[in-house]
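Beneath this line is the structure, given in structure tokens, with notes to follow.
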Amino acid sequence: MKVIEQECATLKKSISDMWELVHQQLYNAGEALLSNDKALANQVILREKRVNAYELKIDGDCEDIIALYAPVAIDLRFVLAMYKINTNLERLGDFAASIARFVINRPVEEPLDPQLVKEVRLQEMLDALLSMITIAKEAFERESSTIASEIFIKDNVVDEINDNSTPILARYIEEHPGSAIGGLYIANILYKMERFGDHCTNIAEELIFYLDAKILKHKGKKDEIF
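Going from the sequence shown to the numbering used here is simple: count from 1 and add 1214.
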């Protein structure tokens, strides 16, 4: 095995380990959110430092491979894709930690309204996001762009849940003015989760770039008015 192949294999192992950690972070953050488990939320925040440490290490490894071995063709695409996937995984870790902070800062006497949680399909959204991370990791390990493409379908579900939540939350706040803050908190959480899905699709795009040399970034995205 060539030295660069050994370095790429080590890099892939580091990315895989970080992936597992981020998946566990989101799972724990979701469990803490639904059960108002502040101890579990604190665990997520403490482990965020490990995610950040992985990011710094992987960034350095990618830079070293490029500087020392001048990779070309598929090796170069691999390193560039891992560099960007690393960034997206770190952002996913940040989102999980921000959900955990919401749990910690929310007063114990203000639990989430279970009926509202059901109506906005919060559990379904969490499940979809966890599935997206799992599918992305399978695509990464099996080097399958076909599997990676499945993430885009899952993201449509996440977007649909987020879009449909707005009128539900507006009605809830109107009918329960004393719970307006709780309703706005959920709106913020749903927005974070929608962004989480976007980062998963970014990962899928980078995998397809690496495997098929196809650039999907910005393709098929709607124009937005700011």
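Glycine included, every Cβ here is placed at the ideal spot set by N, Cα and C. Keep in mind the model is a prediction, meaning the values are calculated, not measured.
- Message: I need the straight-line Cα distance from E1438 to I1218, nearest angstrom please.
- Response: Within the sequence shown, the letter at position 224 stands for residue 1438. Within the sequence shown, the letter at position 4 stands for residue 1218. Low confidence applies to E1438: its pLDDT is 43, below 50, so where it sits in the model is not reliable enough to give any reading.
- Should I1441 be labelled buried (16 or more other beta-carbon atoms within 10 Å of its own) or exposed? Nothing can be reported for residue 1441: it is not among the residues displayed for the chain, which extend from 1215 to 1440.
- Item | Under the three-state DSSP convention, the category E1221 falls into | Taking the sequence shown and counting its residues from 1, the one referred to as residue 1221 is at position 7. Reduced to three states, the DSSP call for E1221 is helix.
- Task: Taking T1415 and I1365 to be in contact with their CB atoms under 8 Å, please state how far apart those CB atoms are, rounded to whole angstroms.
- Result: In the sequence shown, counting from the first residue as 1, residue 1415 sits at position 201. In the sequence shown, counting from the first residue as 1, residue 1365 sits at position 151. Indeed they touch by this definition, with Cβ atoms about 6 Å apart.
- Is the beta carbon of Q1247 less than 9 Å from the beta carbon of A1353? By one-based count along the sequence shown, residue 1247 stands at place 33. By one-based count along the sequence shown, residue 1353 stands at place 139. The amino acid at residue 1247 is misidentified as Gln; the sequence shows Leu. Going by C-beta atoms, L1247 is not nearer than 9 Å to A1353.
- Message: Tell me the rounded alpha-carbon separation between R1264 and D1273.
- Response: Along the sequence shown, read from residue 1 onward, the residue named residue 1264 stands at position 50. Along the sequence shown, read from residue 1 onward, the residue named residue 1273 stands at position 59. Take the alpha-carbon of R1264 and the one of D1273: they are about 14 Å apart.
- Would you kindly work out how many angstroms separate the C-alpha atoms of K1428 and I1367, rounded to a whole number? Locating residue 1428 in the sequence shown gives position 214, where the first residue counts as 1. Locating residue 1367 in the sequence shown gives position 153, where the first residue counts as 1. So the two alpha carbons sit approximately 18 Å from each other.
- Taking 8 Å as the threshold, find out whether the stretch 1276 to 1288 comes into contact with the stretch 1353 to 1362 through three or more Cβ pairs. The stretch 1276 to 1288, when compared against the stretch 1353 to 1362, does not touch it at the 8 Å Cβ threshold.
- Would you decide whether N1376 is buried or exposed? Buried here means 16 or more other CB atoms lie within 10 Å of its CB. The residue labelled residue 1376 in the question sits at position 162 within the sequence shown. The residue is buried, with at least 16 neighbouring Cβ atoms inside 10 Å.
- Task: Between the Cα of I1361 and those of Y1405, Q1220, A1418, E1389, spot the shortest distance and give me the residue it belongs to.
- Result: For the purposes of this step, residue 1361 is taken as residue 147 along the sequence shown, with counting starting at 1. I1361 has its Cα closest to that of A1418, out of Y1405, Q1220, A1418, E1389.
- Message: Tell me the DSSP secondary structure of H1390 in three-state form.
- Response: Along the sequence shown, read from residue 1 onward, the residue named residue 1390 stands at position 176. The answer is coil: DSSP assigns H1390 none of H, G, I, E or B.
- Task: Express the C-alpha separation of I1259 and I1425 in angstroms, rounding to a whole number.
- Result: Position 211 of the sequence shown, counted from the start, is the residue given in the question as residue 1425. Position 45 of the sequence shown, counted from the start, is the residue given in the question as residue 1259. The sequence given here places Leu at residue 1425; Ile does not occur at that position. Annotation: L1425 to I1259 spans about 34 Å, alpha carbon to alpha carbon.
- Query: How is L1326 classed by DSSP in three states: helix, strand or coil?
  - Reply: As a working note, residue 1326 is residue 112 in the sequence shown. It is coil, neither helix nor strand.
- Item | Proximity below 9 Å, CB of F1309 to CB of L1240 | For the purposes of this step, residue 1309 is taken as residue 95 along the sequence shown, with counting starting at 1. For the purposes of this step, residue 1240 is taken as residue 26 along the sequence shown, with counting starting at 1. The answer is yes: Cβ separation under 9 Å.
- Per DSSP, what kind of secondary structure is S1358 in: helix, strand or coil? Sequence index remark: in the sequence shown, residue 1358 carries index 144 (1-based). The answer is coil: DSSP assigns S1358 none of H, G, I, E or B.
- Item | Alpha-carbon spacing of I1280 relative to L1290, whole angstroms | Against the sequence shown, residue 1280 aligns to sequence position 66. Against the sequence shown, residue 1290 aligns to sequence position 76. Those two C-alpha atoms are separated by around 8 Å.
- Message: Alpha carbons only, please: which of S1312, P1328, M1232 is nearest the one belonging to S1249?
- Response: Here residue 1249 refers to the residue found at position 35 of the sequence shown. For S1249, the closest alpha carbon among the candidates S1312, P1328, M1232 is that of P1328.
- Query: Do A1255 and V1331 have their C-beta atoms within less than 9 Å of each other?
  - Reply: If you number the sequence shown from 1, residue 1255 lands on position 41. If you number the sequence shown from 1, residue 1331 lands on position 117. The Cβ atoms of A1255 and V1331 lie no closer than 9 Å to each other.
- Query: Going straight from the alpha carbon of C1475 to that of E1304, what length do you get?
  - Reply: Any property of residue 1475 remains undetermined from this structure, which presents the chain solely from 1215 to 1440.
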